[in-house]
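2 protein chains.
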Amino acid sequence: MAIVLIPIATGFEEIEAVSLIDILRRAEIKVIVASVKENLQVQGANGIMIVADRVMDGITSNDIDMILLPGGWGGTDILAKDDKVQNLLKDMNSKGKDISAICAAPYALDKAGVLANNFTCYPSVEDKIDSNGYNSTDKVVEDGNIITSQGPGTAICLGLYIVKKYQGEEQYQALKEGLLANFCK
Amino acid sequence: MAIVLIPIATGFEEIEAVSLIDILRRAEIKVIVASVKENLQVQGANGIMIVADRVMDGITSNDIDMILLPGGWGGTDILAKDDKVQNLLKDMNSKGKDISAICAAPYALDKAGVLANNFTCYPSVEDKIDSNGYNSTDKVVEDGNIITSQGPGTAICLGLYIVKKYQGEEQYQALKEGLLANFCK
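This is how it looks when you write it as structure tokens:
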């Protein structure tokens, strides 16, 4: 069973984080929701408080198959500055392990120096990113071990993309139909 | 400012509840997330725990402009049996005030006898509903004071529909663009 770590910090975008957790768990991928700070209760950008499973401390690249960052500017800014998150991104990347980010969060990958050449993100965030390979058309972009996506309206599609990658086409199709998400490719 | 009550109970569908709360708050609609039981921490169908703003007790139809029910079978079953929720639905309806439900939750409206003739819901849930006017094609159906929608993949569109109703076309368009939700009508 694949294990995906989703770090959350104050100001995370709630539709993105929750859509990703929900969909991966529906596909029986193990999701660890980890608070970047000490408090397990973490408030999102729109005032929704969710309870993390644990804190980040003690999680290493050996424990997980993917690190997946939700967006939201407040949360992304914390993820881009937090040593634990930044070091884990670098360590995952040095081992060629999967890294994903949506919306503003590709900025946190760029800060760690792990963003792939071909990527997408929330429109305008590309201006803050050094990498030049911004793709404005695709909802999800995969380049090597890095998977990026655009924003709240593409979060379900990113979740389904990761389901297809880890659990295969059949489960992807079943879940896409079950979610009524025919707008995803 | 419109005030929307979103009651949540164990087993609520997380993408639906969170997308609706998130989008209405982005549009500066006041959202009250109320736990149907005593605990403010309420666990969704996919193990995501969110923290409600308050409990249901004490909320009357005078306090709110709309009651909006997220789906998920476990949560819906509780909403369909809970006296406070059922009485509030009846009271809202008798005053012609707005009622909305998504996914499995139109079943809870049907139990309260407030479901409109024309409605939609999660496919197959219509079999458990007495009303005959099931619409399988539209993501959002409005009939009188009752607005229904289909499931996780239509939650963003339902949120935007309610934004248009209360805040107007301009804010609807801006938010639809901001969410990257061009799949909504």
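Protein chains in written order, with the numbering used here: chain A, 250 to 434; chain B, 250 to 434.
Note that CB positions come from ideal geometry on N, CA and C, so glycine has one too.
Chain A within 8 Å of residue i, Cβ atoms only
| i | result |
| --- | --- |
| B/T369 | no |
| B/E263 | yes |
| B/A430 | yes |
| B/G260 | no |
| B/V253 | no |
| B/V267 | yes |
| B/N295 | yes |
Supposed close pair residue i, residue j - CB separation, criterion 8 Å
| i | j | result |
| --- | --- | --- |
| A/Y383 | A/T369 | 7 Å |
| A/A258 | A/V282 | A/A258 to A/V282, Cβ: 12 Å. No contact. |
| A/V389 | A/I395 | 11 Å between Cβ atoms; not a contact. |
| A/Y356 | A/I378 | 6 Å |
| B/N295 | A/D271 | 5 Å |
| A/G202 | A/I299 | Absent from the model: residue 202 of chain A. The displayed extent of chain A is 250 to 434, so no value can be given. |
| B/A276 | B/Q416 | 5 Å |
Residue i, enclosing alpha helix (DSSP H) - first and last residue
| i | result |
| --- | --- |
| B/S268 | 263-275 |
| B/Q422 | 418-427 |
| A/I327 | 322-330 |
| B/K360 | 355-361 |
First through last residue of the beta strand (DSSP E) which encompasses residue i
| i | result |
| --- | --- |
| A/D312 | Premise fails: A/D312 is in no beta strand (DSSP E) and is neither H nor E. |
| B/D347 | 347-351 |
| B/V291 | 290-292 |
| B/P401 | Where B/P401 is concerned, there is no enclosing beta strand (DSSP E), given that its DSSP letter is neither H nor E. |
| B/G375 | A small correction: the amino acid at residue 375 of chain B is Glu; Gly does not occupy that position in the sequence shown. Where B/E375 is concerned, there is no enclosing beta strand (DSSP E), given that its DSSP letter is neither H nor E. |
| B/S284 | 279-284 |
| A/M445 | Any answer about residue 445 of chain A is impossible in this case: the structure gives chain A only from 250 up to 434. |
| A/E391 | 389-392 |
| B/L364 | From DSSP, B/L364 is part of no beta strand (DSSP E); its letter is neither H nor E. |
| A/P256 | 252-257 |
Candidates the options: closest to residue i by CA position
| i | options | result |
| --- | --- | --- |
| A/R274 | A/G362, A/M250, A/E263 | A/M250 |
| B/V363 | B/D376, B/S373, B/S349 | B/S349 |
| B/V280 | B/Q290, B/Q335, B/E391, B/P256 | B/P256 |
| B/V253 | B/I264, B/E263, B/L269, B/G260 | B/L269 |
| A/D289 | B/I297, B/S284, B/V285, B/K286 | Looking at the sequence provided, one finds Leu at residue 289 of chain A rather than Asp. Minimum Cα distance to A/L289 is reached at B/I297. |
| A/W322 | A/L407, A/E419, A/E262, A/C406 | A/E262 |
| B/P372 | B/V291, B/G260, B/F432, B/G320 | B/G320 |
| B/D340 | B/V267, B/E419, B/L429, B/L358 | B/L358 |
| B/V304 | B/Q416, B/K333, B/D326, B/V374 | B/K333 |
| A/V267 | B/C433, B/I405, B/E418, B/Q416 | B/I405 |
| B/L338 | B/M315, B/I351, B/D326 | B/M315 |
| A/V475 | A/G393, A/I278, A/F432 | Since the first residue shown for chain A is 250 and the last is 434, residue 475 of chain A is missing from the structure and cannot be characterised. |
| A/V374 | A/I351, A/C433, A/E418 | A/I351 |
Contact with chain B by residue i, beta-carbon distance below 8 Å
| i | result |
| --- | --- |
| A/D331 | no |
| A/S349 | no |
| A/S373 | no |
| A/M298 | yes |
| A/G400 | yes |
| A/T403 | yes |
| A/R275 | yes |
| A/D271 | yes |
| A/Q290 | yes |
| A/N384 | no |
Exposure of residue i, with buried meaning 16 or more beta-carbon neighbours within 10 Å
| i | result |
| --- | --- |
| A/T386 | exposed |
| A/S398 | buried |
| B/T309 | exposed |
| B/G400 | buried |
| B/S284 | buried |
| A/D347 | buried |
| A/G260 | buried |
Closer than 7 Å: residue i CB and nearest the ligand PLP heavy atom
| i | result |
| --- | --- |
| B/I351 | The model depicted lacks the ligand PLP and carries no ligand whatsoever. |
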